[in-house]
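**Student:**
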Amino acid sequence: ALVLLGRFLDMGSWAVDLALSVGIFPYVLKLLQTTTNELRQILVFIWTKILALDKSCQIDLVKDGGHTYFIRFLDSSGAFPEQRAMAAFVLAVIVDGHRRGQEACLEANLVGVCLGHLEASRPNDPQPEPLFLQWLCLCLGKLWEDFMEAQITGREANAFEKLAPLLSEPQPEVRAAAVFALGTLLDIGFDSSKSVVEDEFDDDEKIRAEDAIIKSLLDVVSDGSPLVRAEVAVALARFAFGHKQHLKLAAASYWKPQSSSLLTSLPSIAKLHDAGSATIVSMHMSPLTRASTDSQPVAREARISSSPLGSSGLMHGSPLSDDSSLHSDSGIMHDSVSNGAVHQQRLLDNAVYSQCVRAMFALAKDPSPRIASLGRRVLSIIGIEQVVAKPSKPTGRPGEAATASHTPLAGLARSSSWFDMHAGNLPLSFRTPPVSPPRANYLSGLRRVCSLEFRPHLLSSPEGLADPLLGATGSERSLLPLSTIYNWSCGHFSKPLLGGADASPEIVTKREEKEKFALEHIAKCQHSSISKLNNNPIANWDTRFETGTKTALLHPFSPIVVAADENERIRVWNYEEATLLNGFD
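The opening residue of the sequence shown carries number 12 in my numbering; numbering runs sequentially from there.
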């Protein structure tokens with residue numbers, strides 16, 4: 012009967028909903044108290060399908076001690092990795108946003124069980140099950156998320172040393188899950204429930220762990236998978252909250268007046284400056300984002316009074332040149348970090364903070380608009396904003412290059428950055444709306460760091476608020492970007508898991524054709540280095556360019572070559588048939 016129930020639940024969410032509506036929940040919950048080995052696998056499968064649809068069952072599972080059943084199954088040696096991955100999924104749902112579930116699973120040594128599997132998979136299993144590794148990481152991440160006791164347990168068990176090797180796994184889902192787990196080990200720097208004793212508990216061990224974690228994350232900032240880079244951005248955002256002032260100091264070192272140009276002092280942003288398109292790209296340091304540890308009203312007032320934003324000319328939007336605005340912001344940044352806000356000992360090395368700032372800039376320039384948006388939000392946490400002045404319309408002859416005019420500060424727009432202008436070249440699934448001035452309905456609870464055109468208005472508000480991020484209606488926590496790997500991974504168990512044998516002949520045929528196509532071209536890639544261009548007929552082929560061929564690009568799988576000459580004329584040839592497929596100037 013349980014096998015038939017499992018097959019029925021696998022048919023889809025409608026089947027799960029229908030089964031729950033007829034009252035099977037108390038029955039399958041009571042079965043978790045049995046010790047019969049024959050029922051373990053099917054019960055884990057049934058609960059996987061139930062929790063994939065209805066995560067509210069986590070409360071009843073913890074109340075009846077059901078979490079221990081899945082921890083024992085996860086720790087058993089007789090189960091297959093795919094089945095243990097389901098158990099890890101069930102446990103991840105139990106601890107997801109549920110403090111009682113986190114406490115219960117921590118007491119049942121879930122951290123030790125998961126880390127034991129991660130450690131055992133490295134030397135003994137050269138090809139571990141990716142799904143199992145992925146859900147071990149996600150389960151640990153959800154257990155550690157915003158739960159200090161579990162984070163301390165993970166650091167004491169050297170969890171970061173066992174997770175770091177997973178960052179080199181071939182599957183991007185495993186790497187992204189490992190980044191998520193490492194990121195949740197980072198202390199975000201504010202927890203109103205923490206006591207002084209907890210805040211100072213094992214501080215050296217915490218610093219050592221965070222140093223190792225952040226160095227591991229810096230190694231995958233340029234990972235080839237956008238899924239991984241997005242999780243790195245989320246993890247760096249958590250790190251920025253815990254080390255905000257130190258990162259501000261590292262960023263401020265780039266803004267010293269000794270350099271004549273911001274773009275020369277920040278090589279990582281130089282590519283954003285495109286003189287041909289007459290777009291001025293500048294980064295503005297926001298004095299309005301203070302660290303969570305800065306709560307002294309005297310220092311706050313000092314920053315306001317010393318800020319150039321308080322001058323009457325700027326308050327009325329007087330025109331400023333690009334250089335002057337940069338120097339003004341540089342002064343603001345210097346004041347905001349030198350007025351007594353930071354006196355404690357530096358936690359990590361200067362080089363680590365500098366590398367983190369560079370990594371944040373790199374993410375803000377990511378070719379994926381979604382990740383670039385995450386990178387800009389990370390920069391906003393440490394008080395850095397991108398402000399892009401729209402190019403002025405050319406007034407001279409049509410052939411003249413347009414030049415950017417000095418527009419009033421209030422005319423600066425944030426909606427036409429390099430990322431947004433090039434977003435059309437990227438897949439729609441990875442596109443995000445261009446950044447616009449704050450709107451009331453922009454993502455629930457999210458309040459953007461305001462750009463310079465809004466700051467004079469904020470500073471002249473009746474409250475005289477020095478930090479718009481700390482208004483009375485919200486909290487800094489709402490600024491943290493949210494991870495997506497967990498919810499994305501949950502979709503795997505929402506799909507049918509037993510339908511492979513019942514697939515229609517058409518689906519099987521298409522799958523076989525795709526597999527054959529993939530295997531053939533993988534073989535071509537593996538042997539591509541053997542063939543030489545001299546043995547290819549294109550080597551001695553006339554491409555019919557008057558000035559000769561300047562460069563050529565071969566298609567990796569098809570007999571197609573794209574050639575170009577010095578006058579930027581493009582020709583696309585099929586070199587096996589010696590035919591011109593396309594050409595344009």
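Just so you know, even glycine gets a beta-carbon here, dropped at the ideal spot from N, CA and C.
On a predicted model such as this, the values are computed, not experimentally measured, just so you know.
1. So, are the CB atoms of Ala119 and His78 less than 8 Å apart?
2. Starting from Ala248, trace the beta strand (DSSP E) in both directions and tell me its first and last residue.
3. To the nearest angstrom, report how far apart Leu491 and Leu530 are at their CA atoms.
4. The beta strand (DSSP E) with Ile581 in it runs from where to where?
5. Return helix, strand or coil for Asp157, following the three-state DSSP convention.
6. Rounded to whole angstroms, how far is the Cβ of Glu221 from the Cβ of Leu197, which I believe are closer than 8 Å?
7. Once DSSP output is grouped into helix, strand and coil, what is the label at Phe595?
8. Expressed to the nearest angstrom, what Euclidean distance is found between the alpha-carbon atoms of Thr562 and Asp576?
9. Val368 lies in the beta strand (DSSP E); which residues open and close that run?
10. What whole-angstrom Cβ distance do Ile393 and Ala251 have, given they're in contact under 8 Å?
11. Assuming the contact rule is C-beta atoms closer than 8 Å, Gln69 and Ile105 should be a hit. Round their C-beta distance to whole Å, please.
12. Can you tell me whether Val7 is helix, strand or coil according to DSSP?
13. Note the first and the last residue of the continuous beta strand (DSSP E) segment covering Leu13.
14. Between which residues of its own chain and Gly17 is the CB-CB distance below 6 Å, once the five residues before and five after are set aside?
15. Can the beta-carbon of Val239 be found closer than 8 Å to that of Val231?
16. Tell me the rounded alpha-carbon separation between Arg219 and Ala30.
17. Rounded to whole angstroms, what is the Cα-Cα separation between Met22 and Phe100?
18. Can you tell me where the alpha helix (DSSP H) holding Ala30 begins and where it ends?
19. Rank Lys74, Asp75 and Leu147 by C-alpha distance to the C-alpha of Arg95 and give the top, closest one.
20. Taking C-alpha atoms, which residue in Ala263, Leu193 and Ala187 lies nearest to Ser233?
21. How many whole angstroms separate the CB atoms of Phe568 and Lys535, which I take to be in contact at a CB cut-off of 8 Å?
22. Of the residues Leu20, Leu13 and Glu130, which one's Cα is nearest the Cα of Leu509?
23. Which stretch, first to last residue, makes up the alpha helix (DSSP H) that contains Leu390?
24. As a quick exercise: from Gln44, Leu178, Gly89 and Thr560, pick the residue whose alpha carbon is nearest that of Leu228.
25. Excluding the 5 residues preceding and the 5 following Arg388 in the sequence, name in chain order all residues of the same chain whose CB lies nearer than 6 Å to its CB.
26. Would you tell me roughly how many angstroms separate the C-alpha atoms of Glu579 and Tyr586, rounded to the nearest one?
27. Does Ala192 pass the burial test, meaning 16 or more other C-beta atoms within 10 Å, or should it be called exposed?
28. Would Pro141 and Gln182 be called neighbours here (beta carbons separated by less than 8 Å)?
29. On a CA-only basis, which of Ser236, Val27 and Thr46 is nearest Pro378? Give me that one, please.
30. Under three-state DSSP, which class holds Glu184?
31. What does Ile61 pair with, by DSSP beta-bridge criteria?
32. Going by C-alpha to C-alpha distance, which of Leu50, Ser384 and Pro37 sits closest to Leu659?
33. Distance check for Gly253 and Cys150, CA to CA, integer angstroms please.
34. What are the residues that DSSP puts in a beta bridge with Ala563?
**Tutor:** Taking the definition as stated:
1. As a working mapping, residue 119 is identified with position 108 in the sequence shown. As a working mapping, residue 78 is identified with position 67 in the sequence shown. Going by C-beta atoms, Ala119 is nearer than 8 Å to His78.
2. On the sequence shown, residue 248 is found 237 positions in, with the first residue counted as 1. That residue, Ala248, is in no beta strand (DSSP E); its alpha helix (DSSP H) goes Pro237 to Gly253.
3. The residue labelled residue 491 in the question sits at position 480 within the sequence shown. The residue labelled residue 530 in the question sits at position 519 within the sequence shown. Straight-line Cα distance between these residues: approximately 42 Å.
4. Here residue 581 is taken as the residue at index 570 of the sequence shown, counted from 1. Taken as a continuous stretch (DSSP letters only), the beta strand (DSSP E) holding Ile581 covers Ile581 to Asn585.
5. Along the sequence shown, read from residue 1 onward, the residue named residue 157 stands at position 146. Note: Asp157 maps to coil in three-state DSSP.
6. As a working note, residue 221 is residue 210 in the sequence shown. As a working note, residue 197 is residue 186 in the sequence shown. At roughly 6 Å, the Cβ-Cβ gap stays under 8 Å, so Glu221 and Leu197 are in contact.
7. Sequence index remark: in the sequence shown, residue 595 carries index 584 (1-based). Of the three classes helix, strand and coil, the one that applies to Phe595 here is strand, per DSSP.
8. Along the sequence shown, read from residue 1 onward, the residue named residue 562 stands at position 551. Along the sequence shown, read from residue 1 onward, the residue named residue 576 stands at position 565. Their backbone Cα atoms lie some 7 Å apart in a straight line.
9. Counting from 1 along the sequence shown, the entry for residue 368 is found at position 357. Here Val368 belongs to no beta strand (DSSP E); instead the alpha helix (DSSP H) covers Asn361 to Ala375.
10. Along the sequence shown, one-based indexing puts residue 393 at 382. Along the sequence shown, one-based indexing puts residue 251 at 240. The Cβ separation is near 5 Å, so the contact holds.
11. As a working note, residue 69 is residue 58 in the sequence shown. As a working note, residue 105 is residue 94 in the sequence shown. Contact holds; Cβ gap of about 5 Å.
12. Given a span of 12 to 596 for the chain in the structure shown, any question on residue 7 remains unanswerable.
13. Residue 13 sits at position 2 when you count from the first residue of the sequence shown. That residue, Leu13, is in no beta strand (DSSP E); its alpha helix (DSSP H) goes Leu13 to Leu20.
14. Counting from 1 along the sequence shown, the entry for residue 17 is found at position 6. Closer than 6 Å at the Cβ level, and outside the excluded window around Gly17, lie Ile53, Phe56 and Ile57.
15. The residue given as residue 239 occupies position 228 in the sequence shown. The residue given as residue 231 occupies position 220 in the sequence shown. Contact: yes.
16. In the sequence shown, residue 219 corresponds to position 208, counting from 1. In the sequence shown, residue 30 corresponds to position 19, counting from 1. The alpha-carbon atoms of Arg219 and Ala30 are separated by roughly 50 Å.
17. Position 11 of the sequence shown, counted from the first residue, corresponds to residue 22. Position 89 of the sequence shown, counted from the first residue, corresponds to residue 100. In a straight line, the C-alpha of Met22 is about 19 Å away from that of Phe100.
18. Here residue 30 refers to the residue found at position 19 when the sequence shown is read from its first residue. Here the alpha helix (DSSP H) through Ala30 covers Ser24 to Ser32.
19. Reading the sequence shown from its first residue, position 84 is the one you call residue 95. Ranking Lys74, Asp75 and Leu147 by Cα distance to Arg95 puts Leu147 first.
20. Against the sequence shown, residue 233 aligns to sequence position 222. For the residues Ala263, Leu193 and Ala187, the minimum Cα distance to Ser233 belongs to Ala187.
21. Locating residue 568 in the sequence shown gives position 557, where the first residue counts as 1. Locating residue 535 in the sequence shown gives position 524, where the first residue counts as 1. That belief holds up - the Cβ atoms of Phe568 and Lys535 are roughly 6 Å apart, short of 8 Å.
22. For the purposes of this step, residue 509 is taken as residue 498 along the sequence shown, with counting starting at 1. Nearest C-alpha to Leu509: Leu20.
23. Position 379 of the sequence shown, counting from 1, holds the residue named residue 390. That run of the alpha helix (DSSP H) goes Pro380 to Ile392.
24. Within the sequence shown, the letter at position 217 stands for residue 228. The shortest C-alpha separation from Leu228 is found at Leu178.
25. As a working note, residue 388 is residue 377 in the sequence shown. These residues qualify, in order along the chain: Pro492.
26. Here residue 579 refers to the residue found at position 568 when the sequence shown is read from its first residue. Here residue 586 refers to the residue found at position 575 when the sequence shown is read from its first residue. If I take the Cα positions, the gap works out to 20 Å.
27. Start at 1 with the first residue of the sequence shown, and residue 192 comes out as number 181. Ala192 is buried by the Cβ-count criterion.
28. Indexing the sequence shown from 1 puts residue 141 at position 130. Indexing the sequence shown from 1 puts residue 182 at position 171. Contact flag set, yes.
29. Along the sequence shown, read from residue 1 onward, the residue named residue 378 stands at position 367. For Pro378, the nearest C-alpha among the options comes from Ser236.
30. Within the sequence shown, the letter at position 173 stands for residue 184. Of the three classes helix, strand and coil, the one that applies to Glu184 here is helix, per DSSP.
31. Looking up residue 61 in the sequence shown gives position 50. Paired residues: none, contrary to the question.
32. Nothing in the structure corresponds to residue 659, since the chain is present only between 12 and 596.
33. As a working mapping, residue 150 is identified with position 139 in the sequence shown. As a working mapping, residue 253 is identified with position 242 in the sequence shown. Cα to Cα, Cys150 sits roughly 23 Å from Gly253.
34. The count along the sequence shown starts at 1 and reaches residue 563 at position 552. Paired residues: Ala574.
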